[in-house]
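Reviewing the structure listed below.
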Amino acid sequence: MKLNWIERLYVNSPIRLAAQQLEVRWFAKKRPLDAGATILEIGCGRGAGAGIIFREFRPARLYLSDFDIRMVKQARNYLDGKKQTKTHFCLADAANLPFDSQRFDAVFGFGFLHHVPQWRNALAEVVRVLKAGGVYYLVEFYPQLYQNIITKHLLFHPERDRFKSNDLKSAFEMLDLSLAHAKELKNMGIIGIGIKR
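Numbering (the working numbering), first residue to last: 145 to 341.
Have a look at this one:
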């Protein structure tokens, strides 16, 4: 599901950039990757997260995907020339990723999953494209945050089959994705690191 103008304004704001910097530093501290990894970011937005991923993880290749062509174009314009040569841009549905199985050392998701109507399929796709032992770095939000009395009138999100903490953790288990590190704000969201078994 594409973002509406309010969400695009937020994800492209300095506030979101500052939050992503903290999130990626936490990821790198808890589960670093060897330099030269092949990484996918799903829901890349304007590309700000990609810049942080390059700085903290130094991938050999970074694949950026988004469901919205406007975001893919912004990401292409956001990154400088040197990073561009190591980056592949892709318009993609998270529930049907156009990549081979076991392609990536890591997948980053900065809050894309709660936008996907078929979120279980999207999570299964994350697992499919990860190598054995691969890492899923995620930030996600629960419906109490984005479907409350105020935000449900301002933001576009699927309304049916939304995941809460237990739903997400159960889906991880079913897909052999181990939640190695996690911090949750009750009823709000999670920052976590999943490892493919």
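A virtual CB, placed ideally from N, CA and C, is assigned to each residue, including glycine.
Since the structure is predicted, the reported quantities are computational estimates derived from the model, not experimental observations.
**Q.** Cross-strand partners of Leu208 (DSSP beta bridge)
**A.** Glu185, Phe233
Q: Pair every Cβ in the stretch 239 to 246 with every Cβ in the stretch 266 to 273, then say whether three or more of these pairs are closer than 8 Å.
A: yes
Q: Using the DSSP secondary-structure output, state which residues sit across from His325 in a beta bridge.
A: Ile337
**Q.** Distance CB(Met332)-CB(Tyr280) smaller than 8 Å
**A.** no
**Q.** The alpha helix (DSSP H) enclosing Glu317, as first and last residue numbers
**A.** 309 to 318
Q) My guess is that Leu184 and Tyr154 are in contact by the Cβ rule of under 8 Å, so how many angstroms apart are they, rounded? A) Between Tyr154 and Leu184 the Cβ distance is about 23 Å, and since that is not below 8 Å, they are no contact.
Q: Go through its chain and collect everything with a Cβ distance to Phe256's Cβ below 7 Å, but skip five positions before and after it.
A: Ile186, Gly187, Ala238
Q: Tell me whether Lys146 sits in a helix, a strand or coil according to DSSP, three-state version.
A: coil
Q) How many angstroms separate the CA atom of His258 from the CA atom of Met318? A) 18 Å
Q) Looking only at its own chain, which residues have a Cβ that is under 7 Å from the Cβ of Lys174, when we skip the five neighbours before and after it? A) His325, Ile337
(Q) Please return the same chain residues whose Cβ sits closer than 6 Å to the Cβ of Val168, not counting the five positions on each side in sequence. (A) Ile196, Glu200
Q: Tell me whether Asp224 is buried or exposed, calling it buried when 16 or more other Cβ atoms sit within 10 Å of its Cβ.
A: exposed
Q: Measure the C-alpha to C-alpha separation of Arg264 and Ala315 and round it to an integer number of angstroms.
A: 7 Å
Q | Whole-angstrom distance between Phe233 and Asp244, CA atom to CA atom | A | 16 Å
Q | Simplified DSSP state of Asn240, which is helix, strand or coil | A | strand
Q. Which stretch, first to last residue, makes up the alpha helix (DSSP H) that contains Lys275?
A. Here Lys275 belongs to no alpha helix (DSSP H); instead the beta strand (DSSP E) covers 274 to 285.
**Q.** Counted within 10 angstroms of its Cβ, other Cβ atoms place Ile335 as buried (16 or more) or exposed
**A.** buried
Q: Just mark Pro203 as buried or exposed, buried being the case when its beta carbon has 16 or more other beta carbons within 10 Å.
A: buried
Q | Own chain partners of Lys146 with C-beta closer than 7 Å, once the 5 adjacent residues on each side are dropped | A | Phe211, Asp212
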